[in-house]
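As they're listed, the protein sequences go chains A and B.
Going by the working numbering, the letters in the first sequence line up with residues 1328 to 1337, in that order.
Going by the working numbering, the letters in the second sequence line up with residues 776 to 990, in that order.
Everything on this sheet refers to the single structure shown next.
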Amino acid sequence: PDQTPPKDEL
Amino acid sequence: MNIFRFAGDMTHLCSIVVLLLKIEATKSCAGVSLRTQELYAVVFVSRYLDLFFTFISVYNTVMKVFFITSSFCIIWYMRHHRIVSQTYDREQDTFRVAFLVVPCIFLALLVNHEFSMVEVLWTFSIYLESVAILPQLILLQRTFNVDTLTSNYVFLLGAYRALYILNWLYRYFTEPGYSQWIVWSSGTLQTAIYCDFFYYYVVSWRKNERLSLPS
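Set out below in structure tokens:
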């Protein structure tokens, strides 16, 4: 698994 | 937040409002797939668990709460409203949702950014959203119920997807290091399914003048 992206989208 | 993202969120919101207004005004949910609506409820609940432990913005929180409550509101209308529930195309809306849910669960367990409960559920919701419209697609092809409001709903959902792709392109070129390939690949699949949907509408519209495309 790579870096977890920021969850700023809906 | 860029204009594409905001416009995408607004069309998504409008699509749900249009659907709720259609149900409330006509007291009918003919042509609407309960299975798709239930899948969307599952999508929102599994994705927005972070409401409890992450705060991003007031906008973000309000939109998440709206998506969860509105999806349950639609389900309530279709299942329990005395008049509306009688108009539900129960016999036609028979898509086996397990065929979508089970592969999405396995895929989320196998392909994710981080093997944790919340992250796997979030990934599952991304995968499930990309295919959740399929029961609706099947239902419309079976019933040929392409009234203007239902097609507005579908059109707005399609616009939401297209705007999100523009948003990702914009962010990719303006934000260094911005990358989220799970969302991108699922979103592209989802948009492709909507294109199929749109093609279907064009064909229906050509076959029957009574069926009109959304303006």
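A virtual CB, placed ideally from N, CA and C, is assigned to each residue, including glycine.
- One alpha carbon belongs to B/Leu885, the other to B/Ala907, and they sit about 20 Å apart.
- Counting along the chain, the unbroken alpha helix (DSSP H) around B/Val840 starts and ends at Val833 to His855.
- Shown here for B/Trp897: same chain residues with a beta carbon closer than 6 Å to its own, the five before and five after excluded, namely Arg822 in chain order.
- Assigned with DSSP and collapsed to three states, A/Lys1334 falls in coil, not helix or strand.
- Going by beta carbons, B/Thr811 and B/Pro910 fall inside the 7 Å limit.
- For B/Tyr969, the uninterrupted alpha helix (DSSP H) segment begins and ends at Trp956 to Lys982.
- At a cut-off of 7 Å between beta-carbon atoms, B/Ile831 makes contact with chain A.
- For the pair B/Cys789 and B/Leu931, the Cα-to-Cα distance works out to about 7 Å.
- B/Met838 reaches chain A at Leu1337, counting residues in chain order whose Cβ is nearer than 8 Å.
- In this structure B/Ser905 touches B/Gln965 by the C-beta definition: roughly 4 Å separates them, less than 8 Å.
- Counting C-beta pairs with one atom in each stretch, the segment 838-846 of chain B and the segment 782-801 of chain B have three or more that are closer than 8 Å, which means they touch.
- Between B/Tyr939 and B/Asp971, the alpha-carbon positions lie close to 18 Å from each other.
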